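Residue numbers (our numbering): 226 to 918.
Have a look at this one:
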């Protein structure tokens, strides 16, 4: 038995290809069938690594009687939210308007012309408390559509109006954020974060707890600009708690999606590419600032994990690893104490002490490895040198990893998503810049090469996903925003003009296809894509707001290409959302970072001369969050920062500029750092992290 999903590339859709439910992919065939048969549409949205999606499939979608009823009364459509975030965003908004909450699996009922009128998330096979069973929901909807169609039409009409109104953003006038003191705004943003900070366990709020890497990176940078020690303390303390928690895979490296408890101990075990890209970026920046050896260790663990378990042979990275293996959440990652004792022998007692391993288990009769105590706190009473203790533990972890590799692995979602890979490229470039090791730049360039080969149509147009030689879906705003930024970062590190060429072509495509003259923000979908409501998305979700990243791209590329109109638009975008980001920074961390860069100024650095590659690499290695750098062995009139400079033969000059007006050139990075402190960090020079490191 198979339905209409058998020829799809999405691993999530293929998981449902043998269901007795007659699933269709989203497309004209299913939508026309709903119109011709006058049947309501059920759209069921999830993703391959979603635990509760698997649960509902087993309970309901694999049940023949349930499937027969669904097939008789509905046109049933399966959607992978990672392939079609536009559909997911639209109908998630609808379900949240109906129920006040959302999540996955997302099950939403539509009229034959795709207007939503009812929905929810997970429904059990039998009624549980106030939650109706799936069969009750189906029966109620089918009966209502047959007997009370006018009521359904009214609900669909009202809900569509709500979604259309919600999509009109940026029209109201807000207080001009750039006319207010930057210290006042920074204080307000910091205070909002402080109210939500968990000062005991790090991070924000209570369980479930998400890594919030964008907010933590903003706070880390806040110290550089404001001198607020509390900001950096929140960021670094939270990072330490996360890397010692069960949310971090202590054996194999890499982060799970989120923690189900406030201590970061018990994760939801799925591993997403975007989380690991964003957290690698944050850890690298934290290492640049603090030079903490443990942060470097984690950087060096995350990348091998990604290459081992989530990398395509040609260089790009897969989307996700499932939370489940052998039908059980977390089975691959958890341990019995007897297993550890058998593998580690005499070293097991010390290992179990450090990683909180209990005979009865510390989580659901098994053990999640985590470090509730700092290594120094454990080493002191045992009278062991912390470095020696870590060396023993490292050997233990390698033995356990080798044993774990023999287990049945979690399922792999092996589609390639453009935007998520672009996030990883930026993180790898930053890691290369920080450590000066070419292997990380090679990984980034190989990944970009794969994306350009398989997902680039030319003339600035990109596709969203690729799998098995197919790239059927047009790119979304996030894809474009992240790939422009990745190209910028690659050009900065390599000086290869092809990355600038790609960035400029892609930017022009976005301006033409995601933008209208009357709207300063960008739409989530291409103007060529058909969607019930064309949405503008401003929030950070699990990944940074595409609009915020576009504002940053406009700002930085306006300098690199001398495009004042792009700079003006970037400022207008931040100004239009300014009051909101001040009041709710946790939902707008990427926007806060753009504002932060704007009000503190961009350090425009040009390195020109024979030794430009080496000196540029040295500049890129130190912590400087609002830097823009170009280097070249020769003066290059094509780019404003590299033009009209006089470089004596055999010399290499470093120019520090603002609005293309440059200070006297220097010949060493040490002299540049002195200039930076004197000219741009004068207000808080005593707190400058570069001076402390």
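Ideal Cβ placement from N, Cα and C applies to all residues, glycine included.
Being a predicted model, the structure only gives us computed values, none of them experimental.
Let me know the alpha helix (DSSP H) ranges lying completely inside the region 659 to 696, each 4 residues or longer, listed in chain order.
663 to 680
Unbroken alpha helix (DSSP H) runs of length 4 or more, entirely within the region 512 to 550: which are they?
518 to 534
Closest by CA to residue 390, which one among 408, 375, 319, 412?
Considering only alpha carbons, the answer is 319.
Looking only at its chain, what residues have a beta carbon closer than 7 angstroms to the beta carbon of residue 241, apart from the 5 residues adjacent to it on each side?
230, 248, 282, 286, 303
Give me the residue from 849, 553, 269 with the minimum Cα distance to residue 299.
Put simply, of 849, 553, 269 the residue whose alpha carbon is nearest the alpha carbon of residue 299 is 269.
Touch test, the region 832 to 844 against the region 441 to 452, Cβ-Cβ under 8 angstroms, three pairs minimum
The region 832 to 844 makes no contact with the region 441 to 452; the number of CB pairs closer than 8 angstroms stays below 3.
Return the first residue and the last residue of the beta strand (DSSP E) that residue 249 is part of.
First-last of the beta strand (DSSP E) with residue 249: 248 to 250.
On the CB-based measure, 16 or more other CB atoms within 10 Å of its CB, does residue 424 come out buried or exposed?
exposed
Outcome for residue 382 when other beta-carbon atoms lying within 10 angstroms are tallied against a minimum of 16:
exposed
If I measure Cβ to Cβ from residue 918 and keep anything under 8 angstroms in the same chain, skipping five residues before and after, which residues do I get?
Summary for residue 918: the model assigns pLDDT 32, below 50, so the residue's position carries little reliability, and this model does not support an answer.
Please say whether residue 858 and residue 837 have beta carbons closer to each other than 8 angstroms?
The criterion of a C-beta distance shorter than 8 angstroms is satisfied by residue 837 and residue 858.
Unbroken alpha helix (DSSP H) run spanning residue 611, endpoints:
The continuous alpha helix (DSSP H) containing residue 611 extends over residues 611 to 629.
Given a cut-off of 8 angstroms on the beta-carbon distance, is the pair residue 739 and residue 537 in contact?
no
Can you give the Cα-Cα distance for residue 411 and residue 449, rounded to whole angstroms?
12 angstroms
If you run the structure through DSSP and keep just helix, strand and coil, what is residue 635?
coil
According to the neighbour-count rule (16 or more other Cβ atoms, all chains shown, within 10 Å of its Cβ), is residue 368 buried or exposed?
Exposed.
Straight-line CA distance for residue 741 to residue 760?
In a straight line, the C-alpha of residue 741 is about 13 angstroms away from that of residue 760.
Looking at residue 345: is its Cβ nearer than 8 angstroms to the Cβ of residue 324?
yes
Take residue 866 as the anchor and find which of 872, 855, 735, 876 has the nearest alpha-carbon.
Looking only at 872, 855, 735, 876, the smallest Cα-Cα distance to residue 866 is reached by 855.
Sequence ranges, alpha helix (DSSP H) only - wholly within the region 806 to 869, length at least 4
814 to 825, 837 to 846
Can you say whether residue 470 is buried or exposed, counting buried as having 16 or more other CB atoms within 10 angstroms of its CB?
buried
Looking at the structure shown, is residue 477 part of a helix, part of a strand, or coil, going by DSSP?
In the structure shown, residue 477 sits in coil (DSSP, three-state: anything other than H, G, I, E or B).
Answer with buried or exposed for residue 526, where buried requires no fewer than 16 other C-beta atoms within 10 angstroms of its C-beta.
buried
Helix, strand or coil for residue 397, going by three-state DSSP, please let me know.
Legend: pLDDT at residue 397 = 49, less than 50; position of this residue unreliable, value from coordinates given subsequently. The answer is coil: DSSP assigns residue 397 none of H, G, I, E or B.
For residue 497, which of 290, 648, 765 has the nearest alpha-carbon?
648
Is it buried or exposed for residue 351, if we count other Cβ within 10 angstroms and need 16 for buried?
exposed
Counted within 10 angstroms of its Cβ, other Cβ atoms place residue 752 as buried (16 or more) or exposed:
exposed
Drop a sphere of 10 angstroms on the beta-carbon of residue 377, count the other beta-carbons inside from all chains shown, and report buried for 16 or more, exposed for fewer.
Sixteen is the threshold: when 16 or more other Cβ atoms of the shown chains lie within 10 Å of the Cβ of residue 377, as they do, the residue is buried.
Looking only at C-alpha atoms, which of 316, 228, 234, 232 sits nearest to residue 244?
Sorting 316, 228, 234, 232 by C-alpha distance to the C-alpha of residue 244 places 228 at the top.
Are the beta-carbon atoms of residue 827 and residue 784 separated by less than 8 angstroms?
yes
For residue 766, which of 246, 477, 392, 499 has the nearest alpha-carbon?
When each option's Cα is compared against that of residue 766, the closest is 499.
Short of 6 angstroms in beta carbon distance, which residues of its chain neighbour residue 313, apart from the five on each side in sequence? Order them along the chain.
The answer, listed in chain order, is 270, 306.
Complete runs of the beta strand (DSSP E) confined to the region 280 to 357 [at least 3 residues]
300 to 305, 331 to 335, 341 to 345
Separation of residue 727 from residue 491, as counted between CA atoms:
42 angstroms
Is residue 743 helix, strand or coil by DSSP?
coil
Using the Cβ count rule (16 or more neighbours within 10 Å means buried), how would you classify residue 571?
exposed
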